[in-house]
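Novice:
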Amino acid sequence: MNTILLVCIGNICRSPVAEALLKRHFPEKAVHSAGIAAMVGRPAHATAQEIAQNHGLDLSGHRARQITEAMCAGADLILVMESDQQRELASRYPLARGKIRCLGETPGGSPFEVADPYQCPREAFEQAHAAIQRGVDNWAQRLRQIG
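Count along the sequence shown starting at 1, add 88, and that's the number in my numbering.
1. DSSP three-state label for Ile301, please.
2. Along the chain, where does the alpha helix (DSSP H) containing His113 start, and where does it finish?
3. Grab the span of the alpha helix (DSSP H) containing Leu231 for me, first residue to last.
4. Rounded to whole angstroms, what is the Cα-Cα separation between Arg222 and Gly192?
5. Quick one: grab the DSSP three-state call for Thr135.
6. Buried or exposed, going by whether 16 or more other CB atoms sit within 10 Å of the CB of Pro104?
7. Measuring CA to CA, which of Pro115, Pro182 and Leu145 is closest to Met89?
8. Rounding to the nearest angstrom, what Cα-Cα distance links Leu145 and Ala178 in this structure?
9. Does the distance from the C-beta atom of Thr156 to that of Phe213 stay below 8 angstroms?
10. Determine the contact status of Ala161 and Ala184, defining contact as a CB-CB distance below 8 angstroms.
11. Going by DSSP in three states, Ala122 sits in which element: helix, strand or coil?
12. For the candidate residues Tyr181, Gln215, Arg153 and His143, whose alpha-carbon lies nearest to that of Gly98?
13. Specify, as a first and last residue, the run of the alpha helix (DSSP H) that Leu94 falls within.
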């Protein structure tokens, strides 16, 4: 699992945070993010950037990208924030179906979704950041076990 793609809707709130957190765990891996309906070229949302910065992450260089078939084909693992996104990507890119998983999928635990904080109060961004952190930490542990 050397190429990992993190996906949300606009690629400005959740997936950039997940990308940065996973890169911190695996600086040697190719970790990227994209959006299903990306706000192409836009930086990460200011509130997401601020919260990330409070956790030692720099999202200032992020620019939103639209997901493509080539991105899906090149990824070993695609992590989405919500089960609806998993279904959407599996429908759009059926050849990638087996490698599309939810960030909140936990072995032996209750799966969770990372709610979209876009156009919500700061508290929603803080909750999303905490959920993303939990999901990334879980996947990092799983990926280390795989090797």
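Using N, Cα and C, we set each Cβ at its ideal position, and we do this for glycine too.
All values reported here derive from a predicted model rather than from experimental measurement.
Specialist: In short, the structure shows the following:
1. Examination of residue 301 is not possible in this model, given that the chain is present from 89 through 235 alone.
2. In the sequence shown, counting from the first residue as 1, residue 113 sits at position 25. Ser103 to His113 is the span of the alpha helix (DSSP H), which, as asked, contains His113.
3. Stepping through the sequence shown from its first residue, residue 231 is reached at position 143. Here the alpha helix (DSSP H) through Leu231 covers Arg210 to Ile234.
4. Within the sequence shown, the letter at position 134 stands for residue 222. Within the sequence shown, the letter at position 104 stands for residue 192. Taking the straight line from one Cα to the other gives about 8 angstroms.
5. Residue mapping note: residue 135 aligns to position 47 of the sequence shown, counting from 1. It is helical.
6. To locate residue 104, count along the sequence shown from 1; it is residue 16. Under this definition Pro104 is a buried residue.
7. To locate residue 89, count along the sequence shown from 1; it is residue 1. Among Pro115, Pro182 and Leu145, the Cα nearest to that of Met89 belongs to Pro115.
8. Here residue 145 refers to the residue found at position 57 when the sequence shown is read from its first residue. Here residue 178 refers to the residue found at position 90 when the sequence shown is read from its first residue. The alpha-carbon atoms of Leu145 and Ala178 are separated by roughly 30 angstroms.
9. Here the question's residue 156 lines up with position 68 in the sequence shown. Here the question's residue 213 lines up with position 125 in the sequence shown. Result no, Cβ atoms of Thr156 and Phe213 do not sit closer than 8 angstroms.
10. What you label residue 161 is simply residue 73 of the sequence shown in a count that begins at 1. What you label residue 184 is simply residue 96 of the sequence shown in a count that begins at 1. With contacts defined by Cβ atoms closer than 8 angstroms, Ala161 and Ala184 form a contacting pair.
11. In the sequence shown, counting from the first residue as 1, residue 122 sits at position 34. Three-state DSSP puts Ala122 in a strand.
12. Here residue 98 refers to the residue found at position 10 of the sequence shown. Of the candidates Tyr181, Gln215, Arg153 and His143, the one whose C-alpha sits nearest the C-alpha of Gly98 is Arg153.
13. On the sequence shown, residue 94 is found 6 positions in, with the first residue counted as 1. Run containing Leu94: none in the alpha helix (DSSP H); it sits in the beta strand (DSSP E), Thr91 to Cys96.
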